[in-house]
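Peer 1: Numbering (full-length UniProt numbering), first residue to last: 1 to 229.
For reference, the structure I am asking about is given below.
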Amino acid sequence: MPRLIDRARREDELAEAVWRIIRRDGASGVSVRTVAAEAGLSTGSLRHSFPTRIELMAHATALVGLRVAARTARRRAEPDARRRTVQVLAERLPLDDERRAEAEVTAALHADAASHPRLREVRRAAHAAARETCLTQLAQLRAAGLLRPDAHPDDEADHLQALVAGLALQLLVHEPDPAQHARALRLLERHVDALVARPRGERGERGERGELPSARDDAPAGRAPRRDA
1 MPRLIDRARR EDELAEAVWR IIRRDGASGV SVRTVAAEAG LSTGSLRHSF PTRIELMAHA
61 TALVGLRVAA RTARRRAEPD ARRRTVQVLA ERLPLDDERR AEAEVTAALH ADAASHPRLR
121 EVRRAAHAAA RETCLTQLAQ LRAAGLLRPD AHPDDEADHL QALVAGLALQ LLVHEPDPAQ
181 HARALRLLER HVDALVARPR GERGERGERG ELPSARDDAP AGRAPRRDA
């Protein structure tokens with residue numbers, strides 16, 4: 001067992017070496033030689049586990065998925081389904097250095113995947129995992145009696161996944177900025193709020209928990225927001 005643990009730890013360290021190179025030099029800087037040097041290994045030793053650059057990239061991306069999944073699992077303790085949905089989806093946003101590193105590695109994978117079938121497989125698996133996360137959160141909202149009756153799970157999963165991916169890309173374009181992070185979270189919360197069914201009298205109003213107003217509150221000047229009868 002200790003030998004297996006040591007091997008797993010070593011493979012994680014190699015993946016982290018790939019992450020550091022990507023963040024410092026870009027994906028083009030990743031090779032068996034550069035990763036071996038970054039990790040303090042000989043190239044011959046590294047090739048026993050990862051014989052090619054593509055296998056190194058695939059392993060580094062797989063570690064992203066494992067870490068996101070581990071953080072997501074810890075969010076299950078949150079009893080409020082709406083709040084839990086926001087927290088789980090926010091684990092895929094680059095809101096701190098750890099998640100920013102993961103997002104940069106994922107972006108590098110997307111750039112390389114166009115010309116490498118193995119990386120396209122990894123990209124498809126990552127996409128499927130993200131979609132499954134969205135579907136799971138929607139199912140939990142429905143089980144809690146919170147999801148709007150007219151919400152179609154497949155369509156809403158697409159919307160959620162596209163929103164999170166778009167917000168992640170926007171955050172990567174900018175240097176880390178707490179104001180941008182807060183804005184991304186507000187947009188995510190607003191979208192999740194739009195999925196939640198509320199009693200008729202509460203629509204468009206800020207609730208006791210500080211929920212965001214609905215889009216109807218943003219009506220153009222000179223035009224009164226529509227009111228329920």
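For every residue, glycine included, the Cβ atom is placed at its ideal position computed from N, Cα and C.
1. With a threshold of 8 Å, establish whether the CB of Ser42 neighbours any heavy atom of the ligand ATP.
2. Can you give me the start and stop residues for the alpha helix (DSSP H) that Glu76 sits inside?
3. For the structure I just gave you, are there three or more beta carbon pairs, one from the stretch 13-24 and one from the stretch 55-68, closer than 8 Å?
4. Taking the alpha carbon of Pro94 as the point to measure from, which residue in Val18, Leu185, Leu195 has its own alpha carbon closest?
5. For Thr43, which residues of its own chain have a beta-carbon under 8 Å away from its beta-carbon, when the five flanking residues on both sides are left out?
6. Report the three-state DSSP secondary structure of Asp12 (helix, strand or coil).
7. If you compare alpha carbons, which of His191, Leu171, Gly166 is closest to Ala101?
8. Taking 9 Å as the threshold (C-beta atoms), are Ala15 and Leu63 in contact?
9. Going by Cα to Cα distance, which pick from Val105, Arg67, Ala157, Arg84 is closest to Leu119?
10. Residue range of the alpha helix (DSSP H) that Pro153 falls in?
11. Just verifying my parser: in three-state terms, what is the DSSP assignment at Val196?
12. Could you check if Thr52 is buried or exposed, using at least 16 other CB atoms within 10 Å of its CB as the buried criterion?
13. Name the residue from Val86, His174, Ala139, Ala144 whose alpha carbon lies nearest to the alpha carbon of His152.
14. Does Leu41 come out as helix, strand or coil in the three-state DSSP assignment?
Peer 2: In this structure, then:
1. This structure lacks the ligand ATP, and indeed carries no ligand of any kind.
2. Residue 76 sits at position 76 when you count from the first residue of the sequence shown. Position check: residue 76 holds Arg in this sequence, whereas Glu was assumed. Unbroken run through Arg76: none, as it is neither H nor E.
3. yes
4. Walking along the sequence shown from the start, residue 94 turns up at place 94. Residue Leu185 is the option with its Cα nearest to Pro94.
5. Position 43 of the sequence shown, counted from the start, is the residue given in the question as residue 43. Counting only Cβ-Cβ distances below 8 Å, and skipping sequence neighbours, we find Val32, Arg33, Ala36.
6. Translated into positions along the sequence shown, residue 12 becomes position 12. Asp12: helix per DSSP, three-state reduction.
7. Taking the sequence shown and counting its residues from 1, the one referred to as residue 101 is at position 101. Of the listed residues, the one whose Cα sits closest to Ala101 is Leu171.
8. By one-based count along the sequence shown, residue 63 stands at place 63. By one-based count along the sequence shown, residue 15 stands at place 15. Yes, the Cβ-Cβ distance between Leu63 and Ala15 is below 9 Å.
9. For this step, residue 119 is matched to residue 119 along the sequence shown. Nearest option by C-alpha distance: Val105.
10. Numbered from 1 along the sequence shown, position 153 holds the residue referred to as residue 153. Pro153 -> alpha helix (DSSP H) spans 153-173.
11. As a first step, residue 196 must be located in the sequence shown, where it is residue number 196. Val196 falls in the strand class under three-state DSSP.
12. As a position in the sequence shown, residue 52 is number 52, starting the count at 1. Exposed: under 16 other Cβ atoms inside 10 Å.
13. Residue numbering aside, residue 152 sits at position 152 when the sequence shown is read from its first letter. The residue with the shortest Cα to Cα distance from His152 is Ala139.
14. As a first step, residue 41 must be located in the sequence shown, where it is residue number 41. Three-state result, Leu41: coil.
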